[in-house]
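Numbering (the working numbering), first residue to last: 1033 to 1185. Only one structure is covered here, and it is reproduced in the block below.
Spelled out as structure tokens, the structure:
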């Protein structure tokens, strides 16, 4: 599993859960997750959000940087896992973010590309990308081989 937390200006902590491929957890799996969030000595249950896309708790306003600990069991028979969060600033709630960002506070480092319209143009683009990746991989393997050889001296 993969998860991300947000702490927004309305005093809500939201826990966004993802599968191993960084896709949002399906609602049926989200409903199986149980947890709580602790802020100092206060404990708040995490409950499913109205839209079913996250777990949330109304923890109120905290001084920044805000530190909290979420404890989650992903299913009724699974162990609990602890996750520590520190928010140096308030998060932008992805549910309210019109830009389509995947999660608050996370900027994409991916370079956007324009996807061609025709299948042939897509194939040309993918082939060029594949050649680039193979070339980089070979360069890295050559470098790794040289470093190993030099380390033996």
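A virtual CB, placed ideally from N, CA and C, is assigned to each residue, including glycine.
Bridge partner(s) assigned by DSSP for residue i
{"i": "residue 1077", "result": "1068"}
{"i": "residue 1038", "result": "1046"}
{"i": "residue 1089", "result": "1045"}
{"i": "residue 1119", "result": "1098"}
Rounded Cβ spacing between residue i and residue j (contact assumed at less than 8 Å)
{"i": "residue 1087", "j": "residue 1075", "result": "Not really, about 14 Å apart at Cβ, beyond 8 Å."}
{"i": "residue 1122", "j": "residue 1040", "result": "6 Å"}
{"i": "residue 1058", "j": "residue 1050", "result": "Going by Cβ atoms, the distance from residue 1058 to residue 1050 rounds to 11 Å, so no, they are not a contact pair."}
Own chain, CB closer than 8 Å to residue i, minus 5 neighbours either side, in chain order
{"i": "residue 1135", "result": "Confidence at residue 1135 is low in this model, with a pLDDT of 44, below 50, so the placement of that residue should be treated as unreliable; the coordinate-derived value is given next. If we look at residue 1135 and ignore the five residues flanking it on each side, its Cβ neighbours are 1036, 1038, 1048 and 1126."}
{"i": "residue 1105", "result": "1065, 1066, 1067, 1111, 1112 and 1113"}
{"i": "residue 1092", "result": "1043"}
Reference residue i, options the options, closest by Cα
{"i": "residue 1117", "options": "1072, 1148 and 1063", "result": "1072"}
{"i": "residue 1034", "options": "1046, 1044, 1053 and 1045", "result": "1053"}
{"i": "residue 1099", "options": "1069, 1109 and 1108", "result": "1069"}
{"i": "residue 1061", "options": "1077, 1089 and 1109", "result": "1109"}
Same chain, Cβ closer than 7 Å to residue i, neighbours up to 5 away in sequence not counted
{"i": "residue 1148", "result": "1154 and 1157"}
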